[in-house]
Amino acid sequence: MLFTSGKLSVATTAEKLYTELATEGLEVLFDDRDESPGVKFNDADLMGIR
1 MLFTSGKLSV ATTAEKLYTE LATEGLEVLF DDRDESPGVK FNDADLMGIR
């Protein structure tokens, strides 16, 4: 999930979703770094996330 960090309601929803999924035992990566989507997708690819 990508979002602009300046939009608080989107960030709050993403954090809630992260917590709910992790609570259910799913492995979740929540990348809230201030990087471009391309950098984030590249890093996810390097980690083997598809």
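Each residue of the sequence shown is one higher than the one before, counting from 1 in full-length UniProt numbering.
For each residue, glycine too, the CB sits at the ideal point set by N, CA and C.
Just so we're clear, the structure is a prediction, and the values are computed from it rather than from any experiment.
- In the three-state reduction of the DSSP assignment, L17 falls in the helix class, which pools H, G and I.
- Ranking E27, D43, D34 and T23 by CA distance to the CA of A11 puts D34 first.
- When secondary structure is reduced to three states using DSSP, L46 falls in the helix class.
- Less than 9 Å separates the beta-carbon of A14 from that of D32.
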